[in-house]
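Engineer: Just so you know, the working numbering puts 43 at position 40 of the sequence shown, and the rest follows in order with no gaps.
In this text, a Cβ means the ideal position worked out from N, Cα and C, and glycines have one as well.
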Amino acid sequence: MNPTLLGSRIERLREATVVAIFRTESAEQAVEGMGAAVRGGFDAVEVTMNTPGATDAIADVAGRIDA
Numbered sequence: 004m005n006p007t008l009l010g011s012r013i014e015r016l017r018e019a020t021v022v023a024i025f026r027t028e029s030a031e032q033a034v035e036g037m038g039a040a041v042r043g044g045f046d047a048v049e050v051t052m053n054t055p056g057a058t059d060a061i062a063d064v065a066g067r068i069d070a
């Protein structure tokens, strides 16, 4: 990953006052929740790794949103 991009992502996490955390029963629910959170104004979201398909959900959303 580009060090500059990584640095800007870390800085955005530091500046976030609230992080939306999702622990869902499916990757699809996590994707829906993350999308809603971002549309609602959240700057940071987290999907717990005990969510089935968590990494796929994160990759899906990161590919569509300016993560």
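1. For residue 47, which option in 56, 25, 29, 7 has the closest C-alpha, if you only look at C-alpha atoms?
2. Once the 5 residues before and after residue 51 are set aside, which same chain residues still bring their CB inside 6 Å of it?
3. What's the C-alpha gap between residue 53 and residue 33?
4. Can you check which of these residues, 57, 9, 66, is closest to residue 49 by C-alpha distance?
5. Could you check the C-alpha separation between residue 20 and residue 44 for me, to the nearest Å?
6. Could you give the C-beta distance for residue 30 and residue 60, rounded to a whole number, given that I count them as a contact under 8 Å?
7. DSSP has residue 49 in a bridge; who is on the other side?
Structural biologist: On the basis of the data shown:
1. Reading the sequence shown from its first residue, position 44 is the one you call residue 47. Comparing alpha carbon positions, the residue from 56, 25, 29, 7 closest to residue 47 is 25.
2. Sequence index remark: in the sequence shown, residue 51 carries index 48 (1-based). Around residue 51, the same chain offers 26 as residues with beta carbons nearer than 6 Å, after the five sequence neighbours per side are excluded.
3. Taking the sequence shown and counting its residues from 1, the one referred to as residue 53 is at position 50. Taking the sequence shown and counting its residues from 1, the one referred to as residue 33 is at position 30. Near 11 Å, if we compare the C-alpha coordinates of residue 33 and residue 53.
4. Start at 1 with the first residue of the sequence shown, and residue 49 comes out as number 46. Selected option, being the one with the closest Cα: 57.
5. Here the question's residue 20 lines up with position 17 in the sequence shown. Here the question's residue 44 lines up with position 41 in the sequence shown. Cα to Cα, the separation comes out at about 11 Å.
6. As a first step, residue 30 is located in the sequence shown; it is residue number 27 there, counting from the start. As a first step, residue 60 is located in the sequence shown; it is residue number 57 there, counting from the start. Contact holds; Cβ gap of about 4 Å.
7. As a working mapping, residue 49 is identified with position 46 in the sequence shown. According to DSSP, which records beta bridges pairwise, residue 49 is partnered with 24.
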